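>
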Amino acid sequence: MKFAAILSLVSVAAAAAIDARGECHGNNCNRAVTGTHPGLLPMSERSAHCSSYLLTTVTPAASTVTVTVDEEDLPTPTQAKRGFLEGRQVTVTPTAIPDYAENCVNAAEYISACSCFGLTGSVSTAPAPTVTVTTTVDYCEDI
């Protein structure tokens, strides 16, 4: 029973992989990106370009930490109130298609060719930047 269940899952996965490869027919864009013709860049390098192209990097908005320092207390970080305008996260998506893939008419065709390597898009979230503001309080004592 377990064998039949595992066999059915494996066959579904294999069918999906074969179906996905069916889209990797021989157009000039696919040949330039995934081809084996002599004179092309090494396949590992072209695959790395595809991975880089399919990576989206998200940088969260910066948070501000205010630290007040005086002679008596240790520095204590506190969260500052945000003003009217808040920081916004930034998303960076590559747009330049490599020169060797000049036969790819647009980004969608290049992405389709990259999918023939079995690659899919991925998202990387960078650490949120922190802005630290330090304020020094000076107490004047009467002599």
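Residue numbers (mature numbering (1 follows the signal peptide of the UniProt record, and there is no 0)): -15 to -1, 1 to 128. C-beta atoms are modelled at their ideal positions from N, C-alpha and C, and glycine is treated no differently. Keep in mind that this is a model prediction, so the values were computed, not measured.
Would you decide whether V116 is buried or exposed? Buried here means 16 or more other CB atoms lie within 10 Å of its CB.
exposed
> When we look at the beta-carbon of T19 and count the other beta-carbons within 10 Å, is it buried (16 or more) or exposed?
buried
> Kindly indicate which three-state DSSP category V75 falls into: helix, strand or coil?
strand
> From E87 to A46, what distance separates their C-alpha atoms?
36 Å
> Mind reading off the beta-carbon distance from T41 to G106? Whole number of angstroms is fine, and I expect it under 8 Å.
Sure, about 7 Å apart at Cβ, within 8 Å.
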